[in-house]
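Q:
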Amino acid sequence: MNNDSQAIDAATVVVARDRNNEIEVLMLRRNSKIYFGGMWVFPGGKVDPVDRTDSRKVRVCDGGDGLGFHAAAIREAREEAGIDLSDCELHHFAHWLPPAIRPKRFSTQFFLAKAPYQTDVSIDHGEITEHHWMTPSEALQLRSNGEIEIVTPTFCTLNWLQSFTHVDDACSAIQEPECFHTHIKEVGGRDPGMVAFYAGDVSYDSLDLTAPGPRRRCYMLKSKWWWEEHSGDETASL
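3 is the number of the first residue of the sequence shown in my numbering; add one for each residue after it.
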């Protein structure tokens, strides 16, 4: 019997703007009574049938047709935050897919968009209860302090964006979407948690935490979270 869950197509858009020499991103807090309740997220949601009538395609990592994601990202930004991105360029930078063992999972395409000039955010106070503009480093520090909760794709996106000082620079750095099809290992002991492995990591299939070689993984332990990515030279002498 196959217990693998069918992934639900979804789209997320990171709405970003410049602040002095930093980037700010729009973060929304989801209602505690719905899926991902209480989490701070970027605008996004599942692809609806009407979205698939849009002819724009994106490149996906799972063999799908790529239809509907672009339209869904624009629609969700409007519905969740009152932001019209229809005249903005959406830069497709990632495809996130959790393990098939999850009872409910989303195959999510991530986009980056520069916020329209003088953007006014309007939330419904239903599905979305709060919103804030934060720099990636501010959001990561709030998570580290236990003041907000975020999921792994949000953490990794913020970690990536904190290296840029302008939105245009981040957009220009995107060449093609990266695939983040996730393999998970649970970690016990004094510092429990999980480690997520992605294609390109030497232990993507084996889940061996200590194997020497290239690494592309995210540690989500009780003490702290961090991203590790390198070619393998750092582990050659271990």
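Quick reminder that beta carbons are idealized off the backbone N, C-alpha and C, glycines included.
Output the distance between the C-alpha atoms of Leu211 and Ser205, rounded to the nearest integer angstrom.
A: Rounded to whole angstroms, Leu211 to Ser205 spans 7 Å at the Cα level.
Q: Which runs of the alpha helix (DSSP H) at least 4 residues long sit entirely within the segment 124–179? Give them in chain order.
A: Correct list: 138–146, 154–163 and 169–175.
Q: For Arg219, report the span of its beta strand (DSSP E) as first-last.
A: It spans Arg217 to Leu223 - the beta strand (DSSP E) in which Arg219 sits, taken as one unbroken run.
Q: On the three-pair Cβ rule with 8 Å, is the segment 43–57 touching the segment 166–184?
A: In short, these stretches do not touch, since the Cβ pair count stays below three.
Q: Going by DSSP in three states, Arg107 sits in which element: helix, strand or coil?
A: Reduced to three states, the DSSP call for Arg107 is coil.
Q: With C-beta atoms as the reference, is Ala18 less than 8 Å away from Glu24?
A: No, these two residues do not count as a Cβ contact at 8 Å.
Q: What is the DSSP secondary structure of Arg58, reduced to helix, strand or coil?
A: In the structure shown, Arg58 sits in coil (DSSP, three-state: anything other than H, G, I, E or B).
Q: I'd like to know if the segment 118–129 and the segment 186–196 are in contact, where contact means that at least 3 CB-CB pairs between them fall below 8 Å.
A: Because the criterion of three Cβ pairs below 8 Å is not met, the segment 118–129 and the segment 186–196 do not touch.
Q: I need the boundaries of the alpha helix (DSSP H) containing Glu71, first residue and last residue.
A: The identity of residue 71 in the sequence shown is Phe, whereas the question assumes Glu. Counting along the chain, the alpha helix (DSSP H) containing Phe71 begins and ends at Phe71 to Ala83.
Q: Please return the same chain residues whose Cβ sits closer than 8 Å to the Cβ of Arg61, not counting the five positions on each side in sequence.
A: Hits under 8 Å: Gly68, His94, Glu178 and Pro179.
Q: Apply the 10 Å Cβ neighbour rule to Ile103 and answer buried if 16 or more other Cβ atoms are within range, or exposed otherwise.
A: With fewer than 16 Cβ atoms within 10 Å of its Cβ, Ile103 is classed as exposed.
Q: If you draw a straight line from the C-alpha of Cys90 to the C-alpha of Gly39, how long is it?
A: The straight-line gap from Cα to Cα measures roughly 29 Å.
Q: Report the CB separation of Thr110 from Ala12 in whole angstroms; it is logged as a contact under 8 Å.
A: Confirmed, about 4 Å.
Q: Pull up the distance between the alpha-carbon of Gly215 and that of Asp203, whole angstroms please.
A: For Gly215 and Asp203, the distance between alpha carbons rounds to 8 Å.
Q: Are the Cβ atoms of Asp50 and Gly84 separated by less than 8 Å?
A: No, they are not a contact pair.
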